[in-house]
Structures are given as C-alpha cells and as structure tokens.
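Below is one structure, written out as structure tokens, with a few remarks after it.
Here's what the structure looks like:
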C-alpha cells in the first residue's frame with residue numbers, strides 16, 4: 610500500500626510539472642495570435658491593371674504588403690491567360706495587408722477612388738475587358754458598410770455615375786510570381802514609364 614501511494618504521489622507531481630510547462634507556452638501562443646489578428650487587416654480592391662494599383666498602395670504608410678491576384682469569378686485557380694480571356698469572370702485585384710492603427714480601411718478607399726476612374730465599366734484607359742472592372746470585395750459586414758458610405762461620398766467628385774461593384778470576397782487567388790512587385794522590378798518597362806509613373810506623380814501631387 611505504501612509503495613502504491615508513493616507511486617501515485619510521484620505520478621501526480623510529474624503531471625503537475627508537465628502542466629506547468631505547457632500552460633505558459635499555450636498562453637504565449639494565444640497572445641501572439643491575438644496580436645496578429647488585431648494588428649493585421651486585409652482589404653481587396655480592383656481598379657484596372659493590378660501592376661498599377663499595386664504600385665499605388667504599396668507606397669502608403671501603414672500598408673504592410675500588397676499582393677496582386679484574381680477574385681470575383683467562378684473558376685478555381687485561374688491563370689493570367691484565362692483571366693485575360695474574360696471567361697473566368699475574375700477581375701485583376703490587389704489584396705492589401707494593413708495596420709489599422711496607422712491607416713484605416715476608409716482611408717484606403719479614399720485612395721482607391723483617386724487611383725482609377727470608377728465610372729468606366731470594364732475599362733481603365735487602354736485596358737479593356739471585364740477583368741479590369743472597378744470592384745471592392747469586402748471581408749466582413751463592417752467593410753461593406755464603410756465601402757457603401759465611401760462610394761456615396763465619392764460620387765460627388767464625379768460627373769458620371771460610379772459603376773464600382775461592392776461584393777463579398779469569396780476567394781482570392783495570388784497571381785503568378787512575375788506579376789508581384791512588377792513596377793519595382795521593371796521600372797523601365799514601357800507600361801511602367803508611360804502609365805504607372807505618371808499616375809504615381811499625379812496622386813503624389815493630389
């Protein structure tokens with residue numbers, strides 16, 4: 610009996626020791642996850658060629674990263690060639706990871722309205738097709754409300770009606786690697802020189 614009691618005491622003590630080791634690790638993990646969730650937010654917009662919109666938003670303070678991709682369509686894992694055909698229903702979009710303590714979702718929308726013409730359906734400059742349509746893909750109900758209000762306020766600055774779609778984001782597909790950071794990697798490419806650079810200069814002045 611004494612041996613059995615001693616065994617039980619040792620077993621309980623070892624269990625308590627292991628639990629004490631696990632609990633701080635568990636708490637630390639929860640703290641890290643909570644921090645990441647509260648500090649990093651996503652916004653997904655489409656306003657023409659994603660080479661251009663990516664270059665605009667990655668220059669904003671509070672924006673942590675910008676990824677070019679496809680959203681708003683029906684097919685899965687679309688390629689650039691498929692999206693350009695207009696058959697997948699996807700738009701060229703960017704997904705922005707931002708710090709809401711430095712820049713708000715509403716402020717991102719303010720730049721969105723200035724960075725393209727939201728009154729031209731399926732067209733931005735020389736880029737024509739449904740893949741270039743103006744679109745806001747909201748991640749939650751709060752973003753939807755902010756986007757709807759922002760659209761109403763932005764309408765005052767345009768003579769023609771805004772045609773921007775405001776729809777829930779179902780799935781975002783990152784574009785091929787050569788599309789990412791296109792302006793930074795190819796500053797001397799004709800599209801960058803004649804389209805993106807003038808737009809960046811115009812937005813900088815405004």
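Residue numbers (our numbering): 610 to 815.
Yeah, the Cβ is synthetic: ideal placement off N, Cα and C, and Gly gets one too.
With fewer than 16 neighbouring CB atoms inside 10 Å of its own CB, residue 711 falls in the exposed class. Counting other Cβ atoms within 10 Å of its Cβ, residue 765 stays below 16 and is therefore classed as exposed.
Take residue 753, set aside five residues on each side of it, and the residues of its chain with a beta-carbon closer than 8 angstroms to its own are 747, 775, 777, in chain order.
Residues of the same chain with a CB within less than 7 angstroms of the CB of residue 670, apart from the 5 flanking positions on each side, are 711, 712 in chain order. Nearest Cα to residue 759 within the set 660, 722, 799: 722.
The beta carbon of residue 704 lies closer than 7 angstroms to those of 651, 653, 676, 678, 781 in the same chain, with the five residues before and after it left out. Per DSSP, residue 759 lies in no beta strand (DSSP E) segment; the continuous alpha helix (DSSP H) that holds it begins and ends at 750-763. The Cβ atoms of residue 743 and residue 656 lie closer than 7 angstroms to each other. One alpha carbon belongs to residue 729, the other to residue 767, and they sit about 11 angstroms apart. About 20 angstroms separates the beta carbon of residue 699 from that of residue 724, a gap too long to meet the 8 angstroms contact definition. Boundaries of the alpha helix (DSSP H) around residue 664: 659-666.
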